[in-house]
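Participant: Chains as they are written, first to last, in our numbering: chain B, 1 to 315; chain D, 1001 to 1315. Built from N, CA and C at the ideal position, the CB exists for glycine as well.
2 protein chains.
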Amino acid sequence: MKGLTLTILGCHSASPRADARPTAQLLDLSGHLFLIDCGEGTQVALRQKKIKFARIKHIFISHLHGDHYFGLIGLVSTMRLLGREEPLHIYGPKGIKEIITLQLKLGKSWTNFPLFFHELDQDVSVLIFEDDLVMVETLPLDHRIYTNGFLFKAKRGDRLLDRAAAEMAGISPAYFKKLKQGHNVPNANGDLVDHQSVTEPAKTPLSYAYCSDTAYLSSLPELISGISVLYHESTFLTAQQGLCERTKHSTAQQAALIAEASGVRFLILGHYSGRYVHLEEFREEALRYFDQVFLAEDGRCFRLLEGDGQQMVQI
Amino acid sequence: MKGLTLTILGCHSASPRADARPTAQLLDLSGHLFLIDCGEGTQVALRQKKIKFARIKHIFISHLHGDHYFGLIGLVSTMRLLGREEPLHIYGPKGIKEIITLQLKLGKSWTNFPLFFHELDQDVSVLIFEDDLVMVETLPLDHRIYTNGFLFKAKRGDRLLDRAAAEMAGISPAYFKKLKQGHNVPNANGDLVDHQSVTEPAKTPLSYAYCSDTAYLSSLPELISGISVLYHESTFLTAQQGLCERTKHSTAQQAALIAEASGVRFLILGHYSGRYVHLEEFREEALRYFDQVFLAEDGRCFRLLEGDGQQMVQI
Chain B
1 MKGLTLTILG CHSASPRADA RPTAQLLDLS GHLFLIDCGE GTQVALRQKK
51 IKFARIKHIF ISHLHGDHYF GLIGLVSTMR LLGREEPLHI YGPKGIKEII
101 TLQLKLGKSW TNFPLFFHEL DQDVSVLIFE DDLVMVETLP LDHRIYTNGF
151 LFKAKRGDRL LDRAAAEMAG ISPAYFKKLK QGHNVPNANG DLVDHQSVTE
201 PAKTPLSYAY CSDTAYLSSL PELISGISVL YHESTFLTAQ QGLCERTKHS
251 TAQQAALIAE ASGVRFLILG HYSGRYVHLE EFREEALRYF DQVFLAEDGR
301 CFRLLEGDGQ QMVQI
Chain D
1001 MKGLTLTILG CHSASPRADA RPTAQLLDLS GHLFLIDCGE GTQVALRQKK
1051 IKFARIKHIF ISHLHGDHYF GLIGLVSTMR LLGREEPLHI YGPKGIKEII
1101 TLQLKLGKSW TNFPLFFHEL DQDVSVLIFE DDLVMVETLP LDHRIYTNGF
1151 LFKAKRGDRL LDRAAAEMAG ISPAYFKKLK QGHNVPNANG DLVDHQSVTE
1201 PAKTPLSYAY CSDTAYLSSL PELISGISVL YHESTFLTAQ QGLCERTKHS
1251 TAQQAALIAE ASGVRFLILG HYSGRYVHLE EFREEALRYF DQVFLAEDGR
1301 CFRLLEGDGQ QMVQI
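So, in structure tokens, the structure goes:
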């Protein structure tokens, strides 16, 4: 799948209910399938979406409140039962390794696949994963316990080749890769051809920031400036501002102000408190401060196509 | 609720699926609501059955395989969020305390209510709970890791008073309680009346044995002789006998042979492997060796009324 697809497996705060799953998301970006948080019941939500567990190689846990990770040990155990052999990488706060390994040990259920823990304890943004196509950085957040958001950035790809123009210019196909990489190359006559004359700039790389759970954090926009999609928690509406501050969460208004200050293209709200019945109220509150607001709902998908950049499709 | 009611919250082995919950049961006996095992998703199953979490004061965990306890930390956390103040008692293998407290500690989520752990490590049956109405004993089982079943026994109640006969015999109501307790008492003339002449024996106390997970265990019938209801795992059918032995589980045939040897009244089968589609096959296999066989299914209730003893109602 080209572009960026975000599947909301669960987007509610606190305890799971029959019609409200705790937090878990699946991000499909640059060929990777990243699992972000893993509340109780995530493995069932993955099955309902017909996601092959083997495709998930990296799991990111924001913090050690149960609604963000109580489903992790079950998912890891099921991967073992399914005969997984591929390595699995888990990124999360210091302590996550002890929690998972203690349970595997007491159940005499060691995984047959390599399980790597990348424990986080820094209070500044750090690079935690990188390959040729994508990089992932932490976004230190402000919550009751140590918490990170995560910033996923696709890397800029090759320039786009105008194949007909390159052939007209007498350039051998053997040079096409170099052209796309931005090099000037010789044509059949031995003349050097400017790569810009037969290629166009690469598409703008897509990016996604996950920020949950957090109080309003004025330092956040600097870290996520100009990204494509921001998921920002909005546990409360402004009417519950006092409760929001005490519990170190955000209102829909605050999420929208962060989106506005960051210059992101699209904002997705989620992590709603169970006290609210009409989620549309969150969108209405946020729309007063930012104009591209979407609502997470359990099972909903958001898709942003590379290059068009102007529209996010909600499925 | 008088009598015995067993609610199957989940009865499948291994990983939770959309239509198959891992093990958890709720036993309503002598005014207690006992939770037995607590696989992932149990708290949602309890909500769907509209069970008030505050009514559960004792939780029994058979062993530390995930399909029997991964839902426990979520349930405990939710009890905290709901503002519980009543104590909670958890009975389970050594290690359960460390698993739960580690997660509460790392989430800075200590419970506001007293949480008592009763860790088990003995290989013989021991009494683990008793009050005026009921007693609970362990049933050491034979599985890949340390595992206990649990035997719940209502205590024998008072004798049943024939009030009219007692009045005819000239006995003052002040003596009725003593009569029901089996004492001979004087009538209005000062003559001693035999309690047996105006009372009937107490009803047979109801009892329930939970046995999962276990290989066929020939020493089990001695411990559960003559009980009312036996839940015995039947992960496999006899056709998969080899797999059954390797994984230390039981077949439906073996469960039935245990029921027959124990002289129990009713057998409930459960903990089915995900490989089977038609659960009725389990009942058919067991019926060849024992004639009162019921099938556990997620959400199903079984009710045995005190005194009648001859019929179990399936709801």
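(1) Between which two residues does the beta strand (DSSP E) holding A1330/D run?
(2) Using a Cβ cut-off of 7 Å (strictly closer), state whether R1283/D contacts chain B.
(3) Does the distance from the CB of F266/B to the CB of H249/B come in under 7 Å?
(4) Can you check DSSP and say which residues form a bridge with D67/B?
(5) Since L206/B meets chain D, which of its residues come closer than 7 Å, beta carbon to beta carbon?
(6) Consider the Cβ of T78/B: report whether some Cβ of chain D lies at a distance smaller than 7 Å.
(7) Is the distance from the Cβ of L1064/D to the Cβ of P1093/D below 7 Å?
(8) Does A24/B come out as helix, strand or coil in the three-state DSSP assignment?
(9) Checking contacts by CB at 7 Å: is R1084/D closer than that to chain B?
(10) Enumerate in chain order the residues of its own chain whose CB-to-CB distance from A188/B is below 6 Å, with the five nearest sequence positions on each side excluded.
(11) At a Cβ cut of 7 Å, what residues of the stretch 32-66 of chain B count as close to chain D, listed as they run along the chain?
(12) Do we get a CB-CB distance below 7 Å when we pair A24/B with the residues of chain D?
(13) For the stretch 1101-1131 of chain D, which residues have a CB atom closer than 9 Å to at least one CB atom of chain B, in sequence order?
(14) Tell me E1284/D's beta-bridge partners as DSSP assigns them.
(15) With burial defined as no fewer than 16 other Cβ atoms inside 10 Å of the residue's Cβ, what is the status of E1040/D: buried or exposed?
(16) Just to confirm my understanding: we take L158/B, look at its own chain, exclude 5 residues before and 5 after, and list those with CB closer than 7 Å. What are they?
(17) Verify whether the separation of the beta carbon atoms of A261/B and S234/B is less than 7 Å.
(18) Going by beta carbon distance, what residues of the same chain come within less than 7 Å of L1217/D, once the five residues before and after it are set aside?
(19) Quick one: is N184/B buried, meaning 16 or more other Cβ sit within 10 Å of its Cβ, or exposed?
(20) Just the C-alpha distance for L1072/D and E280/B, rounded to the nearest angstrom, thanks.
(21) Taking L144/B as the reference, which of L269/B, S62/B, K57/B and E285/B has the closest Cα?
(22) Taking a contact to mean a Cβ-Cβ separation below 7 Å, would you say L1243/D touches S1228/D in this structure?
(23) Need the endpoints of the beta strand (DSSP E) that R303/B sits in, please.
(24) State buried or exposed for R288/B, treating a residue as buried only when at least 16 other CB atoms are found within 10 Å of its CB.
(25) Please look up how many angstroms separate the CB atoms of I1008/D and G1270/D, rounded, as I've assumed it's under 8 Å.
(26) Assuming I1036/D contacts L1151/D under a Cβ cut-off of 8 Å, what Cβ separation, rounded to an integer in Å, is found between them?
(27) Are the C-beta atoms of A14/B and some chain D residue less than 7 Å apart?
(28) With a cut-off of 7 Å, does the C-beta of T70/B fall near any C-beta of chain D?
(29) Could you check whether the stretch 97-112 of chain B touches the stretch 125-137 of chain B, counting it as contact only if at least three pairs of C-beta atoms, one from each stretch, sit closer than 8 Å?
Facilitator: The structure says:
(1) A question about residue 1330/D goes unanswered here, because the residues of chain D that appear run from 1001 up to 1315.
(2) Taking the second sequence and counting its residues from 1, the one referred to as residue 1283/D is at position 283. No - not a single Cβ of chain B is within 7 Å of the one on R1283/D.
(3) Translated into positions along the first sequence, residue 266/B becomes position 266. Translated into positions along the first sequence, residue 249/B becomes position 249. It is not a contact, given that the beta carbons lie outside the stated cut-off.
(4) For the purposes of this step, residue 67/B is taken as residue 67 along the first sequence, with counting starting at 1. Looking at the DSSP assignment, D67/B forms no beta bridge with any residue, so it has no partner.
(5) Position 206 of the first sequence, counting from 1, holds the residue named residue 206/B. Within 7 Å Cβ-Cβ: nothing; L206/B doesn't reach chain D, min ~31 Å.
(6) As a first step, residue 78/B must be located in the first sequence, where it is residue number 78. By this cut-off, T78/B is an interface position.
(7) Sequence index remark: in the second sequence, residue 1064/D carries index 64 (1-based). Sequence index remark: in the second sequence, residue 1093/D carries index 93 (1-based). Cβ atoms of L1064/D and P1093/D: closer than 7 Å.
(8) As a first step, residue 24/B must be located in the first sequence, where it is residue number 24. Three-state result, A24/B: strand.
(9) Stepping through the second sequence from its first residue, residue 1084/D is reached at position 84. Cβ-Cβ to chain B under 7 Å: no for R1084/D.
(10) Taking the first residue of the first sequence as 1, we reach residue 188/B at position 188. Result list for A188/B: G170, in chain order.
(11) E40, G41, Q43, V44, R47, Q48, L64, H65 and G66
(12) Stepping through the first sequence from its first residue, residue 24/B is reached at position 24. Chain D contact via Cβ: absent.
(13) L1102, Q1103, K1105, L1106, G1107, K1108 and S1109
(14) Along the second sequence, one-based indexing puts residue 1284/D at 284. Beta-bridge pairing links E1284/D to no other residue.
(15) Counting from one through the second sequence, the residue named residue 1040/D turns up at place 40. It counts as buried.
(16) As a first step, residue 158/B must be located in the first sequence, where it is residue number 158. According to the sequence shown, residue 158/B is Asp rather than Leu. Excluding residues within five positions, the ones whose Cβ falls inside 7 Å are K180, Q181 and A202.
(17) Start at 1 with the first residue of the first sequence, and residue 261/B comes out as number 261. Start at 1 with the first residue of the first sequence, and residue 234/B comes out as number 234. Taking 7 Å as the Cβ cut-off, A261/B and S234/B do not qualify as a contacting pair.
(18) Looking up residue 1217/D in the second sequence gives position 217. L1141 and D1142, listed in sequence order.
(19) The count along the first sequence starts at 1 and reaches residue 184/B at position 184. N184/B comes out exposed.
(20) Taking the second sequence and counting its residues from 1, the one referred to as residue 1072/D is at position 72. Taking the first sequence and counting its residues from 1, the one referred to as residue 280/B is at position 280. The straight-line gap from Cα to Cα measures roughly 33 Å.
(21) Residue mapping note: residue 144/B aligns to position 144 of the first sequence, counting from 1. One point to set straight first is that residue 144/B is Arg, not Leu, in the sequence displayed. Of L269/B, S62/B, K57/B and E285/B, the residue nearest in Cα terms is S62/B.
(22) Within the second sequence, numbered from 1, the residue matching residue 1243/D stands at position 243. Within the second sequence, numbered from 1, the residue matching residue 1228/D stands at position 228. Cβ distance not < 7 Å, so L1243/D and S1228/D don't count as in contact.
(23) Locating residue 303/B in the first sequence gives position 303, counting from the first residue. R303/B -> beta strand (DSSP E) spans C301 to L304.
(24) Here residue 288/B refers to the residue found at position 288 when the first sequence is read from its first residue. Burial call: exposed.
(25) The residue labelled residue 1008/D in the question sits at position 8 within the second sequence. The residue labelled residue 1270/D in the question sits at position 270 within the second sequence. At roughly 7 Å, the Cβ-Cβ gap stays under 8 Å, so I1008/D and G1270/D are in contact.
(26) Taking the second sequence and counting its residues from 1, one reaches residue 1036/D at position 36. Taking the second sequence and counting its residues from 1, one reaches residue 1151/D at position 151. With 8 Å as the limit, I1036/D and L1151/D do not qualify as a contact, their Cβ atoms being about 11 Å apart.
(27) The residue you call residue 14/B lines up with position 14 of the first sequence. Judged by the 7 Å Cβ criterion, A14/B is in contact with chain D.
(28) Here residue 70/B is taken as the residue at index 70 of the first sequence, counted from 1. Strictly speaking, residue 70/B in this sequence is Phe, with Thr absent from that position. Chain D contact via Cβ: present.
(29) no
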